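Note that this note's numbering has the sequence shown beginning at 17, numbered continuously upward.
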Amino acid sequence: MSFDTIIRNGTVVTASDTFRCDVGIRNGRITAMADTLDDALEIIDASGLYVMPGGIDSHVHLAQPSGDGIVMADDFASGTLSAAFGGNTTVMPFCLQEKGSTLREALKAYHAKAEGECFVDISFHIIVTDLTGRVLGQEPPALVADGYTSIKVFMTYENLRLRDDEILSTLDSARTSGALVMVHCENEDAIRFLIGRHEANGELAPKYHATSRPVAAEREATHRALSLAEIVDTSIVIVHVSNREAMEEIQRARARGGKVAGETCPQYLMLTANDLDATELEGAKFVCSPPPRDEKSQIACWEGLQNGTFDLFPSDHCPFRYDDDQGKLNEKGKRNFRWIPNGIPGVETRLPILFSEGVGKGRIDLNRFVALSSTNHAKLYGLYPRKGTIAIGSDADIALWDPMKSVVISNDILHHGADYTPYEGLEVTGWPVRVIVRGKTVTDGDALVATKGLGNYLARTRSTSF
Ligand code: DUC
Ligand code: ZN
Ligand code: ZN
17 MSFDTIIRNG
27 TVVTASDTFR
37 CDVGIRNGRI
47 TAMADTLDDA
57 LEIIDASGLY
67 VMPGGIDSHV
77 HLAQPSGDGI
87 VMADDFASGT
97 LSAAFGGNTT
107 VMPFCLQEKG
117 STLREALKAY
127 HAKAEGECFV
137 DISFHIIVTD
147 LTGRVLGQEP
157 PALVADGYTS
167 IKVFMTYENL
177 RLRDDEILST
187 LDSARTSGAL
197 VMVHCENEDA
207 IRFLIGRHEA
217 NGELAPKYHA
227 TSRPVAAERE
237 ATHRALSLAE
247 IVDTSIVIVH
257 VSNREAMEEI
267 QRARARGGKV
277 AGETCPQYLM
287 LTANDLDATE
297 LEGAKFVCSP
307 PPRDEKSQIA
317 CWEGLQNGTF
327 DLFPSDHCPF
337 RYDDDQGKLN
347 EKGKRNFRWI
357 PNGIPGVETR
367 LPILFSEGVG
377 KGRIDLNRFV
387 ALSSTNHAKL
397 YGLYPRKGTI
407 AIGSDADIAL
417 WDPMKSVVIS
427 NDILHHGADY
437 TPYEGLEVTG
447 WPVRVIVRGK
457 TVTDGDALVA
467 TKGLGNYLAR
477 TRSTSF
């Protein structure tokens with residue numbers, strides 16, 4: 017046999033082209049693309065379907081400690097299962113450095129959590145929270161050599177944030193070692209001041225999460241992060257941008273010659289701060305940071321996806337159960353918004369939402385969909401062309417898309433560990449009907465046809481985007 021699998025009669029879509037051809041797979045890789053291919057153990061008929069690179073979700077949180085008594089709703093098994101059903105073949109979760117431990121120790125702990133559990137391939141970004149000890153002196157060069165080529169830092173959250181001098185040191189260390197730094201941009205001091213004011217006024221409902229983290233707090237921190245990167249002359253990723261003003265900071269930094277990548281996420285296209293103002297405590301379901309803004313911000317984020325300000329459209333999947341004392345409605349969270357864990361689920365709905373609202377409504381074309389959902393993630397984070405495209409020699413990571421399939425999103429049909437979806441009742445058209453990881457089918461329609469452990473850990477090269 018020439019091939020293990022042939023995908024026949026489909027329309028291949030990459031970030032640059034759309035064309036009809038058969039795809040031949042052998043030993044987990046794409047080994048032939050031609051008008052007609054024959055001679056395989058398995059023939060998959062993809063008539064009427066798009067043959068796309070599997071989604072790469074480069075911003076997800078799985079099994080991450082999130083505060084006293086709070087438990088994330090997804091571990092590596094459920095999170096990667098949900099990812100697969102959502103059309104993804106690789107996800108990039110965060111590995112959180114606990115204060116007092118080294119980055120290597122953090123990685124060891126996360127590898128232990130993920131080992132043998134995953135349904136799709138994974139690769140970690142390291143969240144740096146503690147610069148004492150050898151962290152910046154010695155660890156990054158060796159970590160980059162071992163394929164850990166990205167770092168995230170927070171400007172907010174008292175227990176996670178780095179001060180400006182620490183961010184500068186991290187950026188400088190990343191520049192010399194070849195790592196890429198992702199920054200969560202919100203001004204912690206301003207947020208703490210506003211939370212304090214809300215508390216003094218007895219304003220404790222979930223909706224005050226949004227007003228305690230205003231656009232100005234995000235815009236200011238975005239400007240500062242970009243300035244710090246400029247000062248040490250290094251590249252930077254501004255994650256989860258929610259509004260026009262922060263987006264314009266990215267545009268201005270690029271115009272000055274800055275090497276900047278930017279993300280926006282489904283919640284900034286589909287939700288607004290009004291969703292946090294729901295009856296009872298339902299607004300807790302939409303608490304994430306930065307918070308969703310308003311309709312004008314949604315329009316701005318679409319513009320950013322269209323005009324290239326945003327290179328990436330990850331989910332920022334950060335799932336907590338709602339009706340659970342280890343989740344959104346923990347004892348303290350029920351009484352005061354500041355204790356509601358920040359984050360919402362979305363790894364399974366990211367691609368259907370972008371396809372339906374983006375391609376289906378004429379806002380972006382098919383090739384931009386592939387760039388935003390897969391190819392740009394692979395390029396930015398050192399996985400391309402092994403991942404993120406349909407090409408000879410690439411891993412056979414493929415999502416077969418039915419562009420006509422309409423689905424009403426409901427928590428019942430999703431596979432994550434959360435007990436809700438923020439997109440309940442949203443009708444989308446376009447759905448991944450089969451997902452293949454390195455040549456092996458993981459999902460086929462509603463069926464799971466692989467066992468966990470199929471997902472590999474991916475060491476990465478330095479970014480090829482800048
Ligand atoms: N930042 C993230 O990137 N994800 C969820 C929560 C947060 O603050
Ligand atoms: Zn963040
Ligand atoms: Zn995140």
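Glycine is no exception: its CB is placed at the ideal position from the N, C-alpha and C atoms. These numbers were taken from a predicted model, which means no experiment stands behind them.
How about His-225: is its Cβ closer than 7 Å to a heavy atom in ligand 2?
Within the sequence shown, numbered from 1, the residue matching residue 225 stands at position 209. Checking the Cβ of His-225 against ligand 2 gives no.
Quick check: does the Cβ of Ser-305 come within less than 7 Å of any heavy atom belonging to ligand 1?
Here the question's residue 305 lines up with position 289 in the sequence shown. Yes - ligand 1 has a heavy atom lying nearer than 7 Å to the Cβ of Ser-305.
Asn-259: CB within 7 Å of a non-hydrogen atom of ligand 1:
In the sequence shown, the residue the question calls residue 259 occupies position 243. Result no, Cβ not under 7 Å from ligand 1.
Find out if the Cβ-Cβ distance for the pair Ile-347, Asp-341 is shorter than 8 Å.
Here the question's residue 347 lines up with position 331 in the sequence shown. Here the question's residue 341 lines up with position 325 in the sequence shown. Going by the sequence as given, residue 347 is Glu instead of Ile. Result yes, Cβ atoms of Glu-347 and Asp-341 sit closer than 8 Å.
Who are the Cβ neighbours of Asp-188 in its own chain at under 6 Å, not counting the five residues just before and after it?
Taking the sequence shown and counting its residues from 1, one reaches residue 188 at position 172. Excluding sequence neighbours, Asp-188 sits near Val-248.
Where does Lys-421 fall in DSSP's three states?
Stepping through the sequence shown from its first residue, residue 421 is reached at position 405. Three-state result, Lys-421: strand.
Candidates Met-17, Asp-20, Val-39: which alpha carbon is nearest Thr-27's?
Taking the sequence shown and counting its residues from 1, one reaches residue 27 at position 11. Selected option, being the one with the closest Cα: Val-39.
Output needed for Gly-163: all residues of its chain with C-beta closer than 7 Å, excluding positions within five of it in sequence on either side, in chain order.
Mapped onto the sequence shown, residue 163 falls at position 147. Counting only Cβ-Cβ distances below 7 Å, and skipping sequence neighbours, we find Ala-475, Arg-476.
Let me confirm a value: Lys-223 is counted as buried when at least 16 other C-beta atoms fall within 10 Å, else exposed. Which label applies?
Working through the sequence shown from its first residue, we reach residue 223 at position 207. Buried: at least 16 other Cβ atoms inside 10 Å.
In the DSSP assignment, find the unbroken beta strand (DSSP E) run with Val-29 in it and report its ends.
Residue mapping note: residue 29 aligns to position 13 of the sequence shown, counting from 1. Its beta strand (DSSP E) spans residues 27-29.
Do Met-68 and Ala-415 have their C-beta atoms within less than 8 Å of each other?
For the purposes of this step, residue 68 is taken as the residue at position 52 of the sequence shown. For the purposes of this step, residue 415 is taken as the residue at position 399 of the sequence shown. Contact: yes.
With a 10 Å radius around its C-beta and 16 neighbouring C-beta atoms as the bar for buried, classify Ser-426 as buried or exposed.
Against the sequence shown, residue 426 aligns to sequence position 410. With fewer than 16 other Cβ atoms within 10 Å, it is exposed.
Taking the C-alpha atoms as reference points, what is the distance between Thr-459 and Glu-319?
Residue mapping note: residue 459 aligns to position 443 of the sequence shown, counting from 1. Residue mapping note: residue 319 aligns to position 303 of the sequence shown, counting from 1. Near 33 Å, if we compare the C-alpha coordinates of Glu-319 and Thr-459.
Would you kindly work out how many angstroms separate the C-alpha atoms of Pro-230 and Ala-434, rounded to a whole number?
Within the sequence shown, the letter at position 214 stands for residue 230. Within the sequence shown, the letter at position 418 stands for residue 434. Rounded to whole angstroms, Pro-230 to Ala-434 spans 27 Å at the Cα level.
Answer yes or no: the CB of Asp-90 versus the heavy atoms of ligand 3, is any distance below 7 Å?
As a first step, residue 90 is located in the sequence shown; it is residue number 74 there, counting from the start. Not under cutoff, so the answer is no.
State yes or no: is the C-beta of Asn-358 nearer than 7 Å to some heavy atom of ligand 1?
Position 342 of the sequence shown holds residue 358. Flag set: Cβ of Asn-358 near ligand 1.
Around ligand 3, which residues pass a check of Cβ closer than 6 Å to any of its heavy atoms?
His-75, His-77, Asp-332, Cys-334
Strictly by DSSP, which residues pair up with Lys-168?
Here the question's residue 168 lines up with position 152 in the sequence shown. In the DSSP output, where bridge partners are listed per residue, Lys-168 has Ile-143, Met-198.
Does Thr-405 come out as helix, strand or coil in the three-state DSSP assignment?
Position 389 of the sequence shown, counted from the first residue, corresponds to residue 405. In this structure, Thr-405 counts as coil in the three-state DSSP scheme.
CB of Asn-383 within 8 Å of CB of Val-29, strictly:
Sequence index remark: in the sequence shown, residue 383 carries index 367 (1-based). Sequence index remark: in the sequence shown, residue 29 carries index 13 (1-based). It is a contact, given that the beta carbons lie within the stated cut-off.
Three Cβ pairs or more, each shorter than 8 Å: is that satisfied between the region 380-396 and the region 68-85?
yes
Compute the beta-carbon to beta-carbon distance between Phe-336 and Gly-343, rounded to the nearest angstrom, for a pair I have assumed lies under 8 Å.
Locating residue 336 in the sequence shown gives position 320, where the first residue counts as 1. Locating residue 343 in the sequence shown gives position 327, where the first residue counts as 1. Rounded, the Cβ-Cβ distance is 4 Å, consistent with contact.
Out of curiosity, what's the CA-to-CA distance linking Arg-150 and Asp-91?
Sequence index remark: in the sequence shown, residue 150 carries index 134 (1-based). Sequence index remark: in the sequence shown, residue 91 carries index 75 (1-based). Looking at the two C-alpha atoms, the distance is approximately 30 Å.
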